Amino acid sequence: MTQLVSSWPHRNPRFFLVLAALLWVTLYRALVPASEALVAALPVDRASHLGGALQFFFYDTPKVLLLLVGIVFVMGMVNSYFTPERTRALLAGRTEGAANVMAASLGVVTPFCSCSAVPLFIGFVQAGVPLGVTFSFLIAAPMVNEVALTLLFGLFGWRIALLYLGLGLTVAILAGWVIGRLRMDAHLEDWVRAMPRVQASVADQRMPLAERIAAGAASVREIVGRVWPYILAGIAIGAGIHGYVPQEFMAGFMGKEAWWSVPLAVLIGVPMYTNAAGVIPIVQALLAKGAALGTVLAFMMSVIALSLPEMVILRKVLKLRLIATFVGVVASGILLVGFVFNLIL
2 MTQLVSSWPH
12 RNPRFFLVLA
22 ALLWVTLYRA
32 LVPASEALVA
42 ALPVDRASHL
52 GGALQFFFYD
62 TPKVLLLLVG
72 IVFVMGMVNS
82 YFTPERTRAL
92 LAGRTEGAAN
102 VMAASLGVVT
112 PFCSCSAVPL
122 FIGFVQAGVP
132 LGVTFSFLIA
142 APMVNEVALT
152 LLFGLFGWRI
162 ALLYLGLGLT
172 VAILAGWVIG
182 RLRMDAHLED
192 WVRAMPRVQA
202 SVADQRMPLA
212 ERIAAGAASV
222 REIVGRVWPY
232 ILAGIAIGAG
242 IHGYVPQEFM
252 AGFMGKEAWW
262 SVPLAVLIGV
272 PMYTNAAGVI
282 PIVQALLAKG
292 AALGTVLAFM
302 MSVIALSLPE
312 MVILRKVLKL
322 RLIATFVGVV
332 ASGILLVGFV
342 FNLIL
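Heads up, the sequence shown is in our numbering, so the first residue is 2 and it goes up one at a time.
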C-alpha cells in the first residue's frame, strides 16, 4: 500500500496535483473554526490575554505551515529550471546595471539561503560575474524569496507583499550597483581572486512532470524540515505580543512618532538569526499592536538580509573592509525604506 501511494505521483502526476491542491484549500478554509474550537475546548476565557494568545498560536501555526508547504512545493518545481549552474550561466559576462536587475530578480525565484552563500559566491566569481551583480543576487535571494512573499500575502494581503517585493528588489539592485561602482575586487580574499576562471554553461535538461513533482517534494522536506523550529518560535513570540503587550506601549516604542525606532529596529534585527518564516509572525503581531509599517519592514529586512551569522560565513571569502561596506550600503537602503514609509503611510 505504501509503495502504491508513493508511486502515484509518477503514474498520474496531473491528477495528483489537482487532488493535492483541493486538499490544501480544504485544510486552509478549516483553520479559523478549528482554532476557535481548540480554544473553546480549553478551560480559558477566549477574551482573556491567554485566550487571545492561544487562538493566535493555534491559528497561525497551521496557517504558516500550510502556506509554507504549498509555496515551497510549487517553487521547488519551478526551481528545477534554475539550478546554480543555470543561474551562473545567465549572469556570466553581463555588464552592470541591467545585470543587477536580472540578478536580483533571479534571487526571488531561487532557493538559496545564507548557508549556501560561500559556494555560490565562489561559483559566481569563477564564472566572471561582476562583484556588484553577485551582491545583488546574494542580497535578494534570502530577503525577497518565495517564502517571504507568500507568507506576507497570506497574512497581510497582496498590497503589503508587492510593497515588500518592490522595496527588497530596490535595495538589492541599488546596493549591488553601489558596491560594483566602488571597485572593491581587491578586497576579496587572496585565494578567491587567485582561482582560475571557468566557462559558465549548462546543458539543456528536459525533466518530466513527475520528476518536477519529486523536486517539489524534496524542497518541502529540506526547507520546511529546516525552518519549522523558527516558525514555532516566531509564532510563540508573536502570540505573546498579541496577547500580553499593550497596544499603547508598542505604538510608543515602534510607532511613527518615535524617530529613533527605525535605526533601533535595524540594530536589534542584525544580531538575530532567523529567516522569513520565523520573523513574519512576529511582524504580524507588531503591526497589530500599533507598530509603524516602515519600522517593522526595516526590522524584517535587517533580520533576513544582514544577519550576523551570514557575515561570519562571508568572512571566509571577503575581507573586513568589503564586509563593512556591504553592511553599510544595505543598512542605509533599509533605513531609507523605513523612514520613507513611516513618512508617507
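From the three backbone atoms N, C-alpha and C, an ideal C-beta is built for every residue, glycine too.
Note that the coordinates shown come from a computational prediction; the quantities given were computed from them, not determined experimentally.
By the neighbour-count definition (other C-beta atoms within 10 Å, threshold 16), W260 is an exposed residue. A buried status is given to P131, since no fewer than 16 other beta-carbon atoms sit within 10 Å of its beta-carbon. L307 carries a coil assignment under DSSP once its states are collapsed to helix, strand and coil. One thing to note: V328 has its Cβ no nearer than 9 Å to the Cβ of L298. The alpha-carbon separation between V126 and H188 amounts to approximately 13 Å.
G256 and N13 have their alpha carbons spaced roughly 53 Å apart.
With respect to the 9 Å criterion, P264 and L336 are classified as neighbours on the basis of their beta carbons.
Minimum Cα-Cα distance from R213 among the listed residues L315, V75 and V45 corresponds to V75.
Between A234 and G279, the CB-CB gap stays under 9 Å. In summary, T135 is buried, with 16 or more beta-carbon neighbours lying within 10 Å of its beta-carbon over all protein chains present. Between F57 and G244, the beta carbon gap of about 7 Å places them in contact (Cβ cut-off 8 Å). Fewer than three beta-carbon pairs drawn from the region 97-106 and the region 52-72 are found closer than 8 Å, and the two stretches are therefore not classed as touching. Between the C-alpha atoms of P209 and G77 there is a straight-line separation of about 14 Å. Going by C-alpha positions, A128 is about 41 Å away from I236. Excluding its 5 nearest sequence neighbours in each direction, G53 has C-beta neighbours in its own chain below 7 Å: H243 and G244, listed in chain order.
Listed as beta-bridge partners of L189 by DSSP are L319. Straight-line measurement puts the Cα of L344 at about 45 Å from the Cα of A42. With fewer than 16 other Cβ atoms inside 10 Å of its own Cβ, P230 counts as exposed. If you check the CB distance, G334 and L153 do not come in under 9 Å. In terms of Cβ geometry, V267 and F300 form a close pair [threshold 9 Å].
If you draw a 10 Å sphere on the C-beta of V172, you find 16 or more other C-beta atoms in it, and that means buried.
Within the same chain, L132, G133, F136, T326, F327 and V330 come within 7 Å of I180 by CB-CB distance, once the 5 residues on both sides are set aside. One thing to note: A332 has its Cβ no nearer than 9 Å to the Cβ of V284.
If you check the CB distance, A141 and A195 do not come in under 9 Å. Taking 9 Å as the cut-off, the Cβ atoms of F138 and L107 count as close. From the listed residues L319, A286 and P143, the smallest Cα separation to V193 is found for L319.
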